[in-house]
Amino acid sequence: MNRFKKTYSQGTIDIVEIWVDTETGVNYMFHKNGYSAGLTPLLDKDGKPVVTRQD
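What follows is the structure, encoded as C-alpha coordinates:
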(Lines of atoms letter the chains of each structure in order from A and count residues from 1; the text may use other names and numbers.)
(Lines give C-alpha, C1' and ligand atoms only; values in the text may rest on other atoms or scores of the structure.)
Protein backbone atom coordinates (compact mmCIF):
# COMPACT_ATOMS: atom_id res chain seq x y z
CA MET A 1 0.00 0.00 0.00
CA ASN A 2 1.28 3.47 -0.85
CA ARG A 3 1.11 5.75 2.15
CA PHE A 4 0.86 9.02 0.18
CA LYS A 5 -1.51 9.80 -2.69
CA LYS A 6 -1.11 12.81 -5.01
CA THR A 7 -4.47 14.58 -5.33
CA TYR A 8 -3.49 17.78 -7.17
CA SER A 9 -0.67 18.94 -9.45
CA GLN A 10 0.08 22.08 -11.44
CA GLY A 11 3.11 23.41 -13.29
CA THR A 12 6.14 21.92 -14.99
CA ILE A 13 9.05 24.07 -13.78
CA ASP A 14 7.36 25.78 -10.82
CA ILE A 15 5.50 22.74 -9.42
CA VAL A 16 2.78 22.73 -6.75
CA GLU A 17 1.28 19.42 -5.59
CA ILE A 18 -1.11 18.34 -2.85
CA TRP A 19 -0.43 14.96 -1.23
CA VAL A 20 -2.65 13.12 1.26
CA ASP A 21 -1.31 10.75 3.90
CA THR A 22 -3.60 7.73 3.50
CA GLU A 23 -3.11 6.66 7.13
CA THR A 24 -3.87 9.97 8.85
CA GLY A 25 -5.72 11.90 6.12
CA VAL A 26 -3.47 14.95 6.63
CA ASN A 27 -2.96 17.06 3.46
CA TYR A 28 0.50 18.35 2.52
CA MET A 29 1.60 20.92 -0.05
CA PHE A 30 4.78 20.18 -2.00
CA HIS A 31 6.43 23.03 -3.92
CA LYS A 32 9.41 22.64 -6.26
CA ASN A 33 11.19 25.31 -8.26
CA GLY A 34 14.45 24.37 -9.94
CA TYR A 35 16.71 22.60 -7.44
CA SER A 36 14.74 23.79 -4.39
CA ALA A 37 11.73 22.05 -2.87
CA GLY A 38 9.67 22.06 0.29
CA LEU A 39 6.86 20.12 1.96
CA THR A 40 4.48 21.49 4.59
CA PRO A 41 1.12 20.46 6.04
CA LEU A 42 -1.87 22.45 4.78
CA LEU A 43 -3.51 24.40 7.60
CA ASP A 44 -7.07 25.69 7.95
CA LYS A 45 -7.98 29.20 9.13
CA ASP A 46 -7.57 28.09 12.78
CA GLY A 47 -4.07 26.72 12.19
CA LYS A 48 -5.13 23.06 12.35
CA PRO A 49 -4.08 20.54 9.68
CA VAL A 50 -6.49 19.97 6.79
CA VAL A 51 -7.67 16.35 7.02
CA THR A 52 -9.32 14.41 4.20
CA ARG A 53 -11.53 11.56 5.34
CA GLN A 54 -10.46 8.17 4.01
CA ASP A 55 -13.43 5.80 3.69
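If you count by my numbering, then the sequence shown holds residues 9 to 63, one letter each, in order.
Ideal Cβ positions, reconstructed from N, Cα and C, are used throughout, including at glycine.
Would you kindly work out how many angstroms separate the C-alpha atoms of residue i and residue j, rounded to a whole number?
i: I23; j: G33; result: 22 Å
i: I26; j: G19; result: 12 Å
i: K40; j: G46; result: 7 Å
On the DSSP bridge list, what partners appear for residue i?
i: D29; result: F12
i: I23; result: K40
Span of the beta strand (DSSP E) holding residue i?
i: P49; result: S44 to P49
Excluding the 5 residues preceding and the 5 following residue i in the sequence, name in chain order all residues of the same chain whose CB lies nearer than 6 Å to its CB.
i: W28; result: At residue 28 the sequence reads Val, which differs from the Trp that was named. Closer than 6 Å at the Cβ level, and outside the excluded window around V28, lie K13, T15, N35 and T60.
i: V58; result: N35, L50 and D52
i: S17; result: E25
Please list, in chain order, all residues of the same chain as residue i whose beta carbon is under 7 Å from its beta carbon, the five residues on each side excluded.
i: T48; result: Y36 and M37
i: R11; result: D29, T30 and E31
Within its chain, find whatever has a CB closer than 8 Å to the CB of residue i; leave out the 5 residues flanking it on each side and keep chain order.
i: G42; result: I21
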